[in-house]
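All remarks here apply to the structure that follows.
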Amino acid sequence: MKKTLIYLAAMALMASCSMEQQTESQATATPIEAGDIIQLQTPSKQGGATINEALWNRQSSREYANEPLTLEELSGVMWAAAGVNRPDGHLTAPSALALYPIQTYAFLESGVYLYDATTNTLNRKVEGDFRHLATLQDFANTASLNLVYIADLSVYEGRNIDANKITVLCGMDAAGYAENVNLYTAAYGLKSITRGGAKAEQILSLLQLDTTRYSFILAQTIGK
Ligand SMILES: Cc1cc2nc3c(=O)[nH]c(=O)nc-3n(C[C@H](O)[C@H](O)[C@H](O)COP(=O)(O)O)c2cc1C
Numbered sequence: 669m670k671k672t673l674i675y676l677a678a679m680a681l682m683a684s685c686s687m688e689q690q691t692e693s694q695a696t697a698t699p700i701e702a703g704d705i706i707q708l709q710t711p712s713k714q715g716g717a718t719i720n721e722a723l724w725n726r727q728s729s730r731e732y733a734n735e736p737l738t739l740e741e742l743s744g745v746m747w748a749a750a751g752v753n754r755p756d757g758h759l760t761a762p763s764a765l766a767l768y769p770i771q772t773y774a775f776l777e778s779g780v781y782l783y784d785a786t787t788n789t790l791n792r793k794v795e796g797d798f799r800h801l802a803t804l805q806d807f808a809n810t811a812s813l814n815l816v817y818i819a820d821l822s823v824y825e826g827r828n829i830d831a832n833k834i835t836v837l838c839g840m841d842a843a844g845y846a847e848n849v850n851l852y853t854a855a856y857g858l859k860s861i862t863r864g865g866a867k868a869e870q871i872l873s874l875l876q877l878d879t880t881r882y883s884f885i886l887a888q889t890i891g892k
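Heads up, this note's numbering is the position in the sequence shown plus 668, with the first residue counted as 1.
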């Protein structure tokens with residue numbers, strides 16, 4: 669009798685686990701609905717490979733399928749890059765002097781979006797497919813996501829930091845964002861590459877950003 673009860677309890681647990689898995693796997697394939705605002709999902713505290721597995725898997729990829737990310741994947745990537753992870757509003761990536769000069773633009777087929785970490789949204793700045801501007805290499809033109817890291821140099825005003833040092837700091841901040849993404853993609857079976865090459869002048873012009881204040885720092889391709 670006791671054995672039967674244990675067996676029934678185990679079966680019930682397995683059934684509930686399998687239902688959870690089903691719900692999870694269904695929930696992990698939400699298509700991205702292109703609009704002026706893409707509300708990203710709340711990042712999970714669980715999931716992905718271990719940090720060691722991610723480090724073992726990390727590598728740069730230069731071949732991508734023309735296949736969109738799911739909303740879950742896009743949400744995870746954006747949060748890894750520059751998401752809020754503490755009540756004080758600080759981010760997943762560090763920033764020199766906590767000045768956060770880096771703005772993260774997502775180039776999707778449906779437009780160019782600016783990531784807002786506080787609302788966890790992507791806000792469209794320009795409609796249309798401009799992924800080709802985010803790169804000098806053809807493989808990125810049709811990969812589902814390209815990130816462009818642009819520094820707002822005004823955050824350094826009044827800090828008495830020389831221009832060369834500011835350039836280095838911006839590069840380091842952006843590299844932290846990008847490497848967070850590289851580890852996230854490695855942990856979730858996605859591909860990515862950090863890239864220095866992009867059509868920087870055209871990007872700044874498209875986004876109507878003042879070149880005395882904003883500077884292209886780094887780009888990145890993410891996809892499958
Ligand atoms: C700051 C930075 C800029 C890079 N720029 C490019 C680039 O423009 N194009 C490219 O194909 N790879 C670029 N890479 C990727 C490197 O070529 C790559 O990391 C290197 O070959 C080592 O390969 P792995 O990342 O697979 O270990 C860049 C990497 C870094 C860190």
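No residue lacks a Cβ here, since even glycine has one placed at the ideal position from N, Cα and C.
Approximately 17 Å separates the beta-carbon atoms of Lys-867 and Leu-813; this is outside 8 Å, ruling out the contact. In the DSSP assignment, Ser-873 falls within the alpha helix (DSSP H) that extends over 868-874. In this structure, ligand 1 has a non-hydrogen atom nearer than 8 Å to the beta-carbon of Ser-728. Sixteen is the threshold: since fewer than 16 other Cβ atoms of the shown chains lie within 10 Å of the Cβ of Asn-734, the residue is exposed. Within 8 Å of the C-beta of Gln-805 there is at least one heavy atom belonging to ligand 1. A Cβ-Cβ distance of about 7 Å is found for the pair Tyr-768 and Leu-759, placing them in contact under the 8 Å criterion. A contact between stretches requires three or more CB pairs, one per stretch, nearer than 8 Å, and the segment 832-846 fails this requirement with the segment 776-791. In this structure, the C-beta of Ile-861 approaches ligand 1 to less than 8 Å from one of its heavy atoms. When secondary structure is reduced to three states using DSSP, Leu-782 falls in the strand class. By the Cβ neighbour-count rule, Arg-799 is buried, with 16 or more other Cβ atoms within 10 Å of its own.
With a cutoff of 9 Å on beta-carbon distance, Ala-819 and Thr-889 are scored as not near each other. The three-state reading of DSSP puts Asp-841 in helix, counting H, G and I together.
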